[in-house]
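Worksheet: the structure to be examined is printed underneath.
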Amino acid sequence: GFNSALLIRGTEGGVTPSLRKRGEFVRYWEQSEDVVVEADPSKIGIEQENRPEPIPHALMPIIDREFGPDENNAEIAKLAAKEGLAAIEGKKSATGDALLYSASLTLWHLGRYDSVPDAASMVRKILFSGKAAARFRRAA
């Protein structure tokens, strides 16, 4: 089982909070009351114009199409994987900021750091050091 939970309502139905504005989350620890906490991406140096990394216009799904997978899904997935790899190599982007924010919130929630900014400082160092990319490549 789980001893705790950090409930985040992410953008586009995901688990990554908005990179553009402050958000509220529910934090739960076993045998405790739910606690509503706030986090602001700007407090850890995240300043983004877009919510998620934008999909290139040429790959956008066709609006008036039959229900089912879009023909561009494979290309969108490849692009997302490429952006994810670039993020763990330290590239500054919305994808990297999403990873930074989510990892920082998680490490803070688990008690590894006393604050989200403290966690973000360590996550940022790891991302820009290349250690995350090296570990991923060893495991892949």
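The sequence shown begins at -18 in my numbering and counts up one residue at a time. Where a beta carbon is used, it is the ideal one built from N, C-alpha and C, also for glycine. Note that this is a predicted model, so its numbers are computed, not measured.
If I measure Cβ to Cβ from residue i and keep anything under 6 Å in the same chain, skipping five residues before and after, which residues do I get?
i        : result
Ala(-14) : Tyr9
Asp21    : Arg3
Val16    : Arg8
Asp51    : Pro42
Asn(-16) : Glu11
Glu5     : Val17 and Glu19
Asn53    : Leu40
Ala100   : Ser85, Leu88, Trp89 and Tyr94
Classify residue i as helix, strand or coil using the three-state DSSP reduction.
i       : result
Gly9    : Looking at the sequence provided, one finds Tyr at residue 9 rather than Gly. Here Tyr9 sits in strand by DSSP.
Glu30   : coil
Gly4    : strand
Ser(-1) : coil
Gly(-6) : helix
Ile69   : helix
Ile36   : coil
Less than 8 Å between C-beta atoms, sequence neighbours within five positions excluded: which residues of the same chain meet that for residue i?
i      : result
Glu56  : Leu40
Asp78  : Leu0, Pro22, Ile27 and Gln29
Arg116 : none
Buried or exposed: which applies to residue i, given that a residue is buried once 16 or more other Cβ atoms fall within 10 Å of its Cβ?
i       : result
Pro42   : exposed
Pro(-2) : buried
Ile25   : buried
His38   : exposed
Since residue i is in the alpha helix (DSSP H), which residue starts that stretch and which ends it?
i      : result
Ala101 : Val97 to Ser110
Leu81  : Ala75 to His90
With a CB to CB cut of under 7 Å and the five nearest residues on each side skipped, what residues in its chain are close to residue i?
i     : result
Ser74 : Glu34, Glu64, Ala67 and Ala68
Glu14 : none
Just confirm the distance between the C-beta atoms of residue i and residue j, as a whole number of angstroms; I'd bet it's less than 8 Å.
i      : j     : result
Ala121 : Glu70 : Not confirmed; about 14 Å, so no contact.
Tyr82  : Leu88 : Between Leu88 and Tyr82 the Cβ distance is about 11 Å, and since that is not below 8 Å, they are no contact.
Val97  : Leu86 : 6 Å
With residue i as the anchor, note down where its beta strand (DSSP E) starts and where it stops.
i      : result
Ile52  : The amino acid occupying residue 52 in the given sequence is Glu; Ile does not appear at that position. Element bounds for Glu52: n/a, residue is neither H nor E.
Glu19  : Val16 to Ala20
Leu122 : Outside the displayed span of the chain (-18 to 121) sits residue 122, for which this structure offers no information.
With a threshold of 8 Å, establish whether the CB of residue i neighbours any heavy atom of the ligand HEM.
i     : result
His38 : Within the structure as shown, the ligand HEM is missing, as the structure has no ligands at all.
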